[in-house]
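S.K.: Residue numbers (the working numbering): 885 to 1054. All C-beta atoms, glycine included, are put in the ideal place defined by N, C-alpha and C.
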Amino acid sequence: MRKTRESERPAPALTAEAIAYREAIGRFMAGVADGRGVLLPLLHALQDEFGYIDDALVPHVAEALNLSRADVHGVVTFYHDFRRQPAGRHVIKLCRAESCQARGGRAIERAAVERLGVAMGSTSADGRVTLEPVYCLGLCATGPNALVDGVPVSRIDGARLDRLAAQVAA
């Protein structure tokens, strides 16, 4: 019995999700002069569009950039800015750098976990909020600090944390 070569097998049908990924990659690639050095910007653009980098997206990125899946997966898992699961409607990133810790950051982190009802590095069951660590926002003189939906918030204390919790609950 003759074995079928890979090139002779029919290509599997693309899912709607795969088609959306390929279209997004195509739109991005149409705006660049060549494919060199675009992996990080492409991943950021895809995360902006889809909210996270799904494992199913990796082969499409690899194919578009003529990279191995391992190369793309390595970049996605190395950089903390890329999420592999959908984020909540609100994302709070609490600074864990030494300066913020020295100014009470650990206590703020414990209080945030308690008030928001979500573990650090997780998203609440209702999808309302994601709580993530970040390692230095460059605002060391005004710590403890956070990013709330991309907006820096400084000098976080109990009262400010209560306001943030109310803001993301709304």
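Rounded to whole angstroms, how far is the Cβ of LEU1045 from the Cβ of ALA996, which I believe are closer than 8 Å?
M.R.: Position 161 of the sequence shown holds residue 1045. Position 112 of the sequence shown holds residue 996. About 6 Å separates the two Cβ atoms, so the contact holds.
S.K.: Assuming GLY856 contacts ARG973 (C-beta within less than 8 Å), just tell me the rounded distance between them.
M.R.: Beyond the ends of the chain as shown, which are 885 and 1054, falls residue 856; an answer cannot be given.
S.K.: In whole angstroms, what is the alpha-carbon distance linking VAL942 and ARG1039?
M.R.: One-based indexing of the sequence shown puts residue 942 at position 58. One-based indexing of the sequence shown puts residue 1039 at position 155. Their backbone Cα atoms lie some 39 Å apart in a straight line.
S.K.: Indicate whether the contact test is met: 3 or more Cβ pairs, each with one atom in the segment 1012–1027 and one in the segment 980–991, closer than 8 Å.
M.R.: Segments in contact, yes.
S.K.: Quick one: using the 10 Å Cβ neighbour count with 16 as the cut-off for buried, is GLY989 buried or exposed?
M.R.: The sequence position of residue 989 within the sequence shown is 105, counting from 1. With 16 or more Cβ atoms within 10 Å of its Cβ, GLY989 is classed as buried.
S.K.: I'd like to confirm the pairing. Which residues does DSSP put opposite HIS974 in its beta bridges?
M.R.: Here residue 974 is taken as the residue at index 90 of the sequence shown, counted from 1. Its beta-bridge partners are VAL1013.
S.K.: Do you know how far the Cα of LEU951 is from the Cα of VAL916?
M.R.: Position 32 of the sequence shown, counting from 1, holds the residue named residue 916. Position 67 of the sequence shown, counting from 1, holds the residue named residue 951. When rounded, the distance between both Cα atoms is 17 Å.
S.K.: So is VAL1013 buried or exposed if we call it buried at 16+ other beta carbons inside 10 Å?
M.R.: For the purposes of this step, residue 1013 is taken as residue 129 along the sequence shown, with counting starting at 1. The residue is buried, with at least 16 neighbouring Cβ atoms inside 10 Å.
S.K.: Could you check whether PHE966 and VAL960 sit closer than 7 Å to each other, using their CB atoms as the reference points?
M.R.: Along the sequence shown, read from residue 1 onward, the residue named residue 960 stands at position 76. Along the sequence shown, read from residue 1 onward, the residue named residue 966 stands at position 82. Yes; because the gap between Cβ atoms is below 7 Å, this pair is in contact.
S.K.: Roughly how many whole angstroms lie between the Cα atoms of SER1006 and LEU949?
M.R.: For the purposes of this step, residue 1006 is taken as the residue at position 122 of the sequence shown. For the purposes of this step, residue 949 is taken as the residue at position 65 of the sequence shown. Taking the straight line joining both Cα atoms gives about 31 Å.
S.K.: If contacts are defined as beta-carbon pairs under 8 Å, then ALA956 and ALA946 qualify, I think. What distance do you get, rounded to the angstrom?
M.R.: Against the sequence shown, residue 956 aligns to sequence position 72. Against the sequence shown, residue 946 aligns to sequence position 62. As written in the sequence, residue 956 is Val, which differs from the Ala given in the question. Between ALA946 and VAL956 the Cβ distance is about 5 Å, and since that is below 8 Å, they are a contact.
S.K.: So for VAL956, helix, strand or coil by DSSP?
M.R.: Along the sequence shown, read from residue 1 onward, the residue named residue 956 stands at position 72. Of the three classes helix, strand and coil, the one that applies to VAL956 here is helix, per DSSP.
S.K.: When burial is assigned at 16 or more other CB atoms within 10 Å of the CB, is PRO1047 buried or exposed?
M.R.: Against the sequence shown, residue 1047 aligns to sequence position 163. Reading off the sequence shown, one finds Arg at residue 1047, where the question assumed Pro. Exposed is the call here.
S.K.: With DSSP run on the structure shown, which of helix, strand or coil describes ALA1030?
M.R.: In the sequence shown, residue 1030 corresponds to position 146, counting from 1. ALA1030 falls in the strand class under three-state DSSP.
S.K.: In the DSSP assignment, what are the bridge partners of THR961?
M.R.: By 1-based counting over the sequence shown, the position of residue 961 is 77. BP columns for THR961 are empty, so no partner.
S.K.: If we ignore side chains and look at the alpha-carbon of each, how far apart do MET1004 and PHE962 end up?
M.R.: Within the sequence shown, residue 1004 is the residue found at index 120, counting from 1. Within the sequence shown, residue 962 is the residue found at index 78, counting from 1. Their Cα atoms are separated by approximately 19 Å.
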